[in-house]
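Structure first, commentary second.
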Ligand SMILES: NCc1[nH]cc(CCC(=O)O)c1CC(=O)O
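Numbering (my numbering), first residue to last: 348 to 649.
Here it is, written out as structure tokens:
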């Protein structure tokens, strides 16, 4: 039997996630091979990227490799995957979500500062807005790069703390002090590893179904339907988190203005069924309650 070629980005986190998918497949007796994709093979495609619907900065190289049949599947952090997928590419499996939360990491010199005094480094509009909602007037710096780079920049830079995803810290086995941030609502599908496949490869997709975690799928589909109904392609401060508690789903979400002053939140408990699109339903409630105007305002500001 041929081994399944698992495409991944080349960062430490991406490689860890790809190995996690490999481990699940191996547990089901499939052979696997990790294929790190460094740069894109656009040259082999005979159509322009936009005409194939390829948009995501984090996903584009893997999308191209899938379409060029250099890999059989692609592993992603689901929160980095655009809600509109390219032609012929589908998310086929979701691994069980581990840690959806955002956490605060501060440097030693800021040990005794109160939250409202912290100078924060984060480029995420969502993290900024939710923080400002609680601590108006807080100051921010931009910070980009992978987790290791950001932690190095925190040490070197002129700011006190940063906000990261707990999933990333746990996966990298970082021995680091952190504080939980119950004031934040995570990004839609944060903490979830997703496996994308090619729609024309039913045999591979059949295999992927075996490693799918259905409860995770139910939750992230609600979160992502909420996001895509609100957004229409722009990036806004939107948090969304669904979890299954006994036989009910608890869904918490919010759309905030960039300065955090205006937040339209939903907090719902409901019985799940497969016929209703709950994410879309709750997004429409937000849109009808001032969300439409707020989205227009945000789009004009970013
Ligand atoms: N956009 C960056 C990114 N994409 C996925 C993760 C970590 C894994 C996850 O949260 O799903 C991170 C780092 C972070 O947000 O701190």
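Positions of the beta carbon are idealized from the N, C-alpha and C atoms, including for glycine. None of the values given here were measured: they were computed from a predicted structure.
For this session: Note the first and the last residue of the continuous alpha helix (DSSP H) segment covering residue 567.
Result: On the chain shown, position 220 is the one that residue 567 refers to. Note, residue 567: alpha helix (DSSP H), 561-578.
Exercise. Alpha carbon to alpha carbon, what distance is there between residue 410 and residue 434?
Worked result: The count along the chain shown starts at 1 and reaches residue 434 at position 87. The count along the chain shown starts at 1 and reaches residue 410 at position 63. Each residue's Cα considered, the two are about 10 Å apart.
Exercise. Thinking just about the alpha-carbon of each residue, which of 353, 402, 368 and 398 is nearest to the one in residue 380?
Worked result: Against the chain shown, residue 380 aligns to sequence position 33. Residue 380 has its Cα closest to that of 353, out of 353, 402, 368 and 398.
Exercise. Does the beta carbon of residue 612 come closer than 8 Å to any beta carbon on chain C?
Worked result: Looking at the structure shown, chain C is missing, and only one protein chain is on hand.
For this session: Determine the DSSP secondary structure at residue 396, reduced to helix, strand or coil.
Result: Locating residue 396 in the chain shown gives position 49, where the first residue counts as 1. Of the three classes helix, strand and coil, the one that applies to residue 396 here is helix, per DSSP.
Exercise. With DSSP run on the structure shown, which of helix, strand or coil describes residue 358?
Worked result: For the purposes of this step, residue 358 is taken as residue 11 along the chain shown, with counting starting at 1. Of the three classes helix, strand and coil, the one that applies to residue 358 here is coil, per DSSP.
For this session: Check whether the stretch 562-579 touches the stretch 628-636, counting contact only when three or more Cβ pairs, one atom from each stretch, lie closer than 8 Å.
Result: yes
Exercise. With respect to 7 Å, is the separation between the Cβ of residue 448 and the closest non-hydrogen atom of ligand 1 below this value?
Worked result: Here residue 448 refers to the residue found at position 101 when the chain shown is read from its first residue. Result no, Cβ not under 7 Å from ligand 1.
For this session: Please list, in chain order, all residues of the same chain as residue 490 whose beta carbon is under 7 Å from its beta carbon, the five residues on each side excluded.
Result: For the purposes of this step, residue 490 is identified with residue 143 of the chain shown, where counting begins at 1. Here the set comprises 468, 469, 470, 497, 500 and 509.
Exercise. Three or more beta-carbon pairs under 8 Å between the stretch 477-487 and the stretch 448-467, yes or no?
Worked result: yes
Problem set entry | Length at least 4, wholly inside the stretch 482-526: the alpha helix (DSSP H) runs in chain order | 494-503 and 513-518
Problem set entry | Backbone secondary structure at residue 617 - three-state DSSP | Within the chain shown, numbered from 1, the residue matching residue 617 stands at position 270. Strand at residue 617.
Exercise. Looking at the unbroken beta strand (DSSP E) that takes in residue 421, where does it start and where does it end?
Worked result: As a working mapping, residue 421 is identified with position 74 in the chain shown. Its beta strand (DSSP E) spans residues 420-424.
Exercise. Is DSSP giving residue 584 helix, strand or coil here?
Worked result: By 1-based counting over the chain shown, the position of residue 584 is 237. Coil at residue 584, not helix or strand.
Exercise. With respect to the alpha helix (DSSP H) encompassing residue 641, which residues constitute its N-terminal and C-terminal limits?
Worked result: For the purposes of this step, residue 641 is taken as the residue at position 294 of the chain shown. 639-648 is the extent of the alpha helix (DSSP H) around residue 641.
Exercise. Assuming residue 611 contacts residue 602 under a Cβ cut-off of 8 Å, what Cβ separation, rounded to an integer in Å, is found between them?
Worked result: On the chain shown, position 264 is the one that residue 611 refers to. On the chain shown, position 255 is the one that residue 602 refers to. That belief holds up - the Cβ atoms of residue 611 and residue 602 are roughly 5 Å apart, short of 8 Å.
Exercise. Which residue or residues does DSSP assign as beta-bridge partners of residue 383?
Worked result: For the purposes of this step, residue 383 is identified with residue 36 of the chain shown, where counting begins at 1. 355.
Exercise. According to DSSP, is residue 635 helix, strand or coil?
Worked result: For the purposes of this step, residue 635 is taken as the residue at position 288 of the chain shown. If DSSP states are grouped into helix, strand and coil, residue 635 belongs with the helices.
For this session: Would you decide whether residue 426 is buried or exposed? Buried here means 16 or more other CB atoms lie within 10 Å of its CB.
Result: For this step, residue 426 is matched to residue 79 along the chain shown. Counting Cβ neighbours within 10 Å, residue 426 comes out buried, since at least 16 surround it.
Problem set entry | Cβ separation of residue 419 and residue 548, assumed to be a contact under 8 Å, to the nearest whole Å | Numbered from 1 along the chain shown, position 72 holds the residue referred to as residue 419. Numbered from 1 along the chain shown, position 201 holds the residue referred to as residue 548. Sure, about 7 Å apart at Cβ, within 8 Å.
For this session: Can you grab the Cα-Cα spacing for the pair residue 424 / residue 540, in whole Å?
Result: Indexing the chain shown from 1 puts residue 424 at position 77. Indexing the chain shown from 1 puts residue 540 at position 193. Rounded to whole angstroms, residue 424 to residue 540 spans 5 Å at the Cα level.
For this session: Check the DSSP bridge columns for residue 590 and list the partner residues they point to.
Result: Here residue 590 corresponds to residue number 243 of the chain shown, with the count starting at 1. Residue 590 pairs with 597.
Exercise. What is the residue span of the alpha helix (DSSP H) that residue 553 lies within?
Worked result: Translated into the one-based positions of the chain shown, residue 553 becomes position 206. First-last of the alpha helix (DSSP H) with residue 553: 549-556.
Exercise. Exposed or buried, what is residue 378 when buried is set at 16 or more other beta-carbons lying within 10 Å of its beta-carbon?
Worked result: Translated into positions along the chain shown, residue 378 becomes position 31. Exposed: under 16 other Cβ atoms inside 10 Å.
Exercise. Beta carbon of residue 445, beta carbon of residue 538: below 8 Å?
Worked result: Here residue 445 corresponds to residue number 98 of the chain shown, with the count starting at 1. Here residue 538 corresponds to residue number 191 of the chain shown, with the count starting at 1. Yes, they are a contact pair.
For this session: Evaluate residue 536 with the Cβ neighbour count: other Cβ atoms within 10 Å of its Cβ, from every protein chain shown; 16 or more gives buried, anything less gives exposed.
Result: Working through the chain shown from its first residue, we reach residue 536 at position 189. Label assigned to residue 536: buried.
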